[in-house]
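Trainee:
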Amino acid sequence: MGKKGGFRDIERKTHGYKPVEERTQDFFEFLVPLSKDEMEKQGARCMDCGTPFCHPSCPLHNIMPDFNDHVYRNRWEEAYHSLSSTNSFSEFTGRICPAPCESGCVLGLIKDPVAIRNIELSIIERAYRKGWVKPKPPKNRSGKKVAVVGSGPSGLGAADQINKAGHLVTVFERSDEVGGLLRYGIPDFKLGKEVIDRRVEVLKQEGIEFRTSANIGFDIPAASLLEDFDAVVLAGGSTIPRDLPIPGRSLQGVHYAMEFLIQSNRRVAGKDVPQDTEILATGKDVLVIGGGDTGSDCVGTSIRQKAKSVTQIELLPKPPDGRTDQTPWPTHPGPRMLSTSSSQEEGCQRDWSIMSKQFVDDGSGAVAGVDFVRLDWQGNKFTEIEGSAGRLKAQLVFLAMGFLHPQHEGMLDQLGVEKDDRGNVKTDDSYRTSVEKVFAAGDMRRGQSLVVWAISEGRECAREVDKFLRAGVTRLASKKKTYSATD
Ligand SMILES: Cc1cc2nc3c(=O)[nH]c(=O)nc-3n(C[C@H](O)[C@H](O)[C@H](O)COP(=O)(O)OP(=O)(O)OC[C@H]3O[C@@H](n4cnc5c(N)ncnc54)[C@H](O)[C@@H]3O)c2cc1C
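Numbers given in this note's numbering equal positions in the sequence shown, counted from 1, plus 15.
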């Protein structure tokens with residue numbers, strides 16, 4: 016808890032943002048952090064609520080009352096130790112987590128919840144500045160080797176914990192850089208890439224090996240991992256995007272969101288983008304189909320590339336402004352409650368209950384817009400509203416309607432792992448796949464989700480891998496003992 020009764024006197028304050036006109040001139044992060052004193056006051060708002068629902072609301076089970084209290088009492092280093100005991104990468108979640116903990120905060124029943132996510136970010140950034148985040152290689156090595164495929168938050172979370180348990184970890188990543196969607200999906204203005212590099216450096220110094228440009232199932236046969244390693248963790252993400260197969264889909268200028276976002280992140284990082292496949296929003300009317308995080312990132316990126324206009328449409332109806340009977344406290348309402356992202360604030364038209372019918376050809380094979388019809392939603396069913404057809408002008412369209420499942424071709428097919436009904440890798444409760452010594456975690460296992468879930472899955476999977484390897488170590492050790500005894 017924080018200060019007794021602090022929640023009565025102190026109002027919620029959060030980190031600010033640079034003004035829209037300023038922040039949209041570049042791709043840098045635009046957070047304006049509160050001062051240390053202000054943050055300590057925010058920690059003081061944490062009540063002695065008895066049963067802190069923030070804690071179970073967080074997939075990582077962070078111990079918010081503990082670190083809030085430490086911050087209030089100016090014990091930042093202790094706050095860091097509390098936070099890092101459950102969250103491997105609070106510099107990622109402190110920036111981009113939708114904060115289900117705040118949805119569960121008991122104070123949220125009567126007032127604004129504690130600013131937990133900002134407190135978390137302040138703790139970890141202070142910990143880096145003060146040198147508290149130090150490489151801590153394990154003291155003993157088990158002699159076991161583990162391959163982790165994929166270097167997104169789930170792969171990194173698994174690698175970190177497996178390495179800490181003393182096993183030797185090699186992370187294989189098919190991209191040229193480590194980070195998964197943190198690197199080549201989420202734009203720099205939400206998460207600067209130096210934040211990933213800083214953490215990866217610590218992980219390297221702790222003994223984790225990273226092999227980039229290594230596509231398992233293509234560059235390296237999946238079977239070779241089974242020969243060379245004692246356990247394998249599949250953390251390849253959910254990468255197959257949902258398509259919109261309506262007439263005109265193949266027109267120039269209609270792209271999956273990720274084609275655009277990957278390119279933009281590469282360009283911002285100063286890397287080559289082949290000119291013949293370049294996608295730029297500059298001077299164009301941009302239409303984003305899909306209302307989630309991916310769509311929102313297309314909006315912010317298009318605005319920074321100086322699009323003429325940006326419109327974002329959604330098939331589903333406009334969600335309510337606040338909680339409803341379907342989203343009572345302490346549930347995290349997610350997309351079932353209206354929210355406005357910082358990118359949407361920057362100048363985007365939003366519309367709901369719209370179904371795209373066909374992409375319109377400008378006469379030269381390029382897209383000029385989309386024909387749509389408005390929908391009337393009754394519960395989970397919709398009907399098209401007669402006479403509501405219209406046309407939206409767009410020379411660039413991004414499909415941001417989510418991801419279906421991981422890529423099957425290559426690694427998963429070669430390993431022959433079983434999949435669930437949705438095409439994700441199927442595991443038991445111990446993150447074990449149908450193939451001996453192969454585990455899976457993150458979006459590749461649970462489907463498209465959140466960074467906080469990916470880290471949590473990676474950590475939990477690591478524990479199961481460790482148990483699996485230790486069972487082997489124990490057996491070996493006891494065999495050796497018998498041998499020594501008779502030697
Ligand atoms: C544009 C976008 C914005 C998002 N914004 C947010 C947000 O603001 N907040 C939030 O909480 N979540 C957000 N998400 C969701 C979040 O990024 C994911 O849930 C999370 O990254 C999943 O982590 P992961 O480690 O399971 O997979 P990924 O991050 O997808 O990483 C998987 C990695 O595996 C690699 N890989 C795959 N197959 C192979 C192979 N055969 N060999 C070698 N490497 C391989 C891939 O190249 C990739 O680097 C966003 C998602 C997208 C697409």
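Ideal placement from N, C-alpha and C gives every residue a C-beta, glycine not left out.
1) Could you say which of CYS116, HIS420, GLY380 lies nearest to GLY263 if we only look at CA atoms?
2) Starting from LEU330, trace the beta strand (DSSP E) both ways and give me its first and last residue.
3) How many angstroms separate the CA atom of VAL193 from the CA atom of LEU218?
4) Just verifying my parser: in three-state terms, what is the DSSP assignment at GLN422?
5) What does the alpha-carbon distance come out to for the pair THR355 and ASN89?
6) Once DSSP output is grouped into helix, strand and coil, what is the label at VAL163?
7) Which same chain residues, not among the five before or five after VAL86, have their C-beta less than 7 Å away from its C-beta?
8) Just mark THR398 as buried or exposed, buried being the case when its beta carbon has 16 or more other beta carbons within 10 Å.
9) What span of residues does the beta strand (DSSP E) with GLU224 cover, start to end?
10) So which of PHE43, ARG38, MET16 has the shortest CA-CA distance to VAL283?
11) Could you give the DSSP three-state label for VAL210: helix, strand or coil?
12) At a cut-off of 8 Å, is SER503 close to ligand 1 when judged by its beta-carbon and the heavy atoms of the ligand?
13) Alpha carbon to alpha carbon, what distance is there between PHE418 and VAL388?
14) Below 8 Å, is the gap between the Cβ of SER103 and the nearest heavy atom of ligand 1?
15) Work out the CA separation of PRO80 and PRO67 for me, nearest whole Å.
16) Between which residues of its own chain and ARG141 is the CB-CB distance below 7 Å, once the five residues before and five after are set aside?
17) For PHE82, which beta-bridge partners are listed by DSSP?
18) May I have a chain-ordered list of the alpha helix (DSSP H) segments no shorter than 4 residues that lie completely inside the segment 442-475?
19) Buried or exposed for ASP502, please, with buried defined as at least 16 other CB atoms from any protein chain shown within 10 angstroms of its CB.
20) Tell me the DSSP secondary structure of LYS51 in three-state form.
21) Compare the C-alpha of GLN359 against each of VAL184, ASP444, THR309 and name the closest.
22) Could you name the residues of the same chain whose beta carbon sits closer than 6 Å to that of TYR205, not counting the 5 residues immediately before and after it, in chain order?
23) Decide yes or no for the touch test of the segment 265-281 against the segment 197-204: beta carbon pairs closer than 8 Å, at least 3 of them.
24) Could you check what DSSP says for PHE483 in three-state terms: helix, strand or coil?
25) Tell me where the alpha helix (DSSP H) around ASP127 begins and ends.
26) Could you check which residue in SER190, CYS363, GLN341 has the C-alpha nearest to that of LYS286?
27) So, with DSSP's three-state summary, where would you put CYS275?
28) For ligand 1, is there any heavy atom lying closer than 8 Å to the beta carbon of LEU276?
29) In this structure, does DSSP put ARG156 in helix, strand or coil?
30) What residues match up with GLY263 in a beta bridge as DSSP calls it?
31) Hey, how far is the Cα of GLN422 from the Cα of SER368?
32) Should SER493 be labelled buried (16 or more other beta-carbon atoms within 10 Å of its own) or exposed?
33) I'd like the span of the alpha helix (DSSP H) that includes TRP91, first residue to last.
34) Please determine, among VAL129, PHE45, CYS69, the residue with the shortest C-alpha to C-alpha distance to ILE25.
35) What does DSSP give as the partner residues of GLN393 in its beta bridges?
Mentor: This is what the structure gives:
1) Your numbering for residue 263 matches position 248 in the sequence shown. The alpha carbon of GLY263 has as its nearest neighbour, out of CYS116, HIS420, GLY380, the alpha carbon of GLY380.
2) As a working note, residue 330 is residue 315 in the sequence shown. Note, LEU330: premise wrong, no beta strand (DSSP E); not H, not E.
3) Reading the sequence shown from its first residue, position 178 is the one you call residue 193. Reading the sequence shown from its first residue, position 203 is the one you call residue 218. Taken atom to atom, the span from the alpha-carbon of VAL193 to that of LEU218 is near 11 Å.
4) Within the sequence shown, residue 422 is the residue found at index 407, counting from 1. In the displayed model, GLN422 falls within coil according to three-state DSSP, outside both helix and strand.
5) Taking the sequence shown and counting its residues from 1, one reaches residue 355 at position 340. Taking the sequence shown and counting its residues from 1, one reaches residue 89 at position 74. One C-alpha to the other measures close to 33 Å.
6) Position 148 of the sequence shown, counting from 1, holds the residue named residue 163. In this structure, VAL163 counts as strand in the three-state DSSP scheme.
7) Numbered from 1 along the sequence shown, position 71 holds the residue referred to as residue 86. Same-chain partners within the cutoff: MET54, GLU55, GLY58, ALA94, ILE134, ILE138.
8) Mapped onto the sequence shown, residue 398 falls at position 383. So THR398 counts as exposed.
9) Within the sequence shown, the letter at position 209 stands for residue 224. That run of the beta strand (DSSP E) goes 224-226.
10) Locating residue 283 in the sequence shown gives position 268, where the first residue counts as 1. Here the closest residue by C-alpha is PHE43.
11) Locating residue 210 in the sequence shown gives position 195, counting from the first residue. DSSP places VAL210 in helix when its eight states are reduced to three.
12) The question about residue 503 has no answer, for the chain in this structure spans 16 to 502.
13) The residue given as residue 388 occupies position 373 in the sequence shown. The residue given as residue 418 occupies position 403 in the sequence shown. Answer to the nearest angstrom: the Cα atoms are 24 Å apart.
14) On the sequence shown, position 88 is the one that residue 103 refers to. SER103 has its CB no nearer than 8 Å to any heavy atom of ligand 1.
15) For the purposes of this step, residue 67 is taken as residue 52 along the sequence shown, with counting starting at 1. For the purposes of this step, residue 80 is taken as residue 65 along the sequence shown, with counting starting at 1. Taking the straight line joining both Cα atoms gives about 7 Å.
16) Within the sequence shown, the letter at position 126 stands for residue 141. Cβ within range, chain order: TRP91.
17) Taking the first residue of the sequence shown as position 1, residue 82 is located at position 67. PHE82 pairs with nothing; no bridge assigned.
18) List check, alpha helix (DSSP H) in window: 458-461.
19) Residue 502 sits at position 487 when you count from the first residue of the sequence shown. The predicted position of ASP502 is uncertain, since its pLDDT is 38 and thus under 50; a value taken from the coordinates is nonetheless stated next. The Cβ neighbour count for ASP502, taken over all protein chains shown within 10 Å, is under 16; the residue is labelled exposed.
20) Indexing the sequence shown from 1 puts residue 51 at position 36. DSSP places LYS51 in helix when its eight states are reduced to three.
21) One-based indexing of the sequence shown puts residue 359 at position 344. GLN359 has its Cα closest to that of THR309, out of VAL184, ASP444, THR309.
22) The residue you call residue 205 lines up with position 190 of the sequence shown. Rather than Tyr, the amino acid found at residue 205 in this sequence is Lys. Same-chain partners within the cutoff: ILE111.
23) The count of Cβ pairs closer than 8 Å, one atom from the segment 265-281 and one from the segment 197-204, reaches three, so the stretches are in contact.
24) The residue you call residue 483 lines up with position 468 of the sequence shown. Three-state result, PHE483: helix.
25) Taking the first residue of the sequence shown as position 1, residue 127 is located at position 112. For ASP127, no alpha helix (DSSP H) segment is defined, and its DSSP state is neither H nor E.
26) Here the question's residue 286 lines up with position 271 in the sequence shown. Ranking SER190, CYS363, GLN341 by CA distance to the CA of LYS286 puts SER190 first.
27) As a first step, residue 275 is located in the sequence shown; it is residue number 260 there, counting from the start. The amino acid occupying residue 275 in the given sequence is Phe; Cys does not appear at that position. Looking at PHE275 - three-state DSSP - the assignment turns out to be helix.
28) As a first step, residue 276 must be located in the sequence shown, where it is residue number 261. LEU276 Cβ: within cutoff of ligand 1.
29) Looking up residue 156 in the sequence shown gives position 141. Of the three classes helix, strand and coil, the one that applies to ARG156 here is coil, per DSSP.
30) The sequence position of residue 263 within the sequence shown is 248, counting from 1. In the DSSP output, where bridge partners are listed per residue, GLY263 has none listed.
31) Here residue 422 refers to the residue found at position 407 when the sequence shown is read from its first residue. Here residue 368 refers to the residue found at position 353 when the sequence shown is read from its first residue. Their Cα atoms are separated by approximately 30 Å.
32) For the purposes of this step, residue 493 is taken as the residue at position 478 of the sequence shown. In this prediction, SER493 has a pLDDT of 45, which is less than 50 and means its spatial position is unreliable; nothing more can be read from the coordinates.
33) Residue numbering aside, residue 91 sits at position 76 when the sequence shown is read from its first letter. Per DSSP, the unbroken alpha helix (DSSP H) holding TRP91 starts and ends at 91-99.
34) Counting from one through the sequence shown, the residue named residue 25 turns up at place 10. The shortest Cα separation from ILE25 among VAL129, PHE45, CYS69 belongs to VAL129.
35) To locate residue 393, count along the sequence shown from 1; it is residue 378. Looking at the DSSP assignment, GLN393 forms a beta bridge with LYS396.
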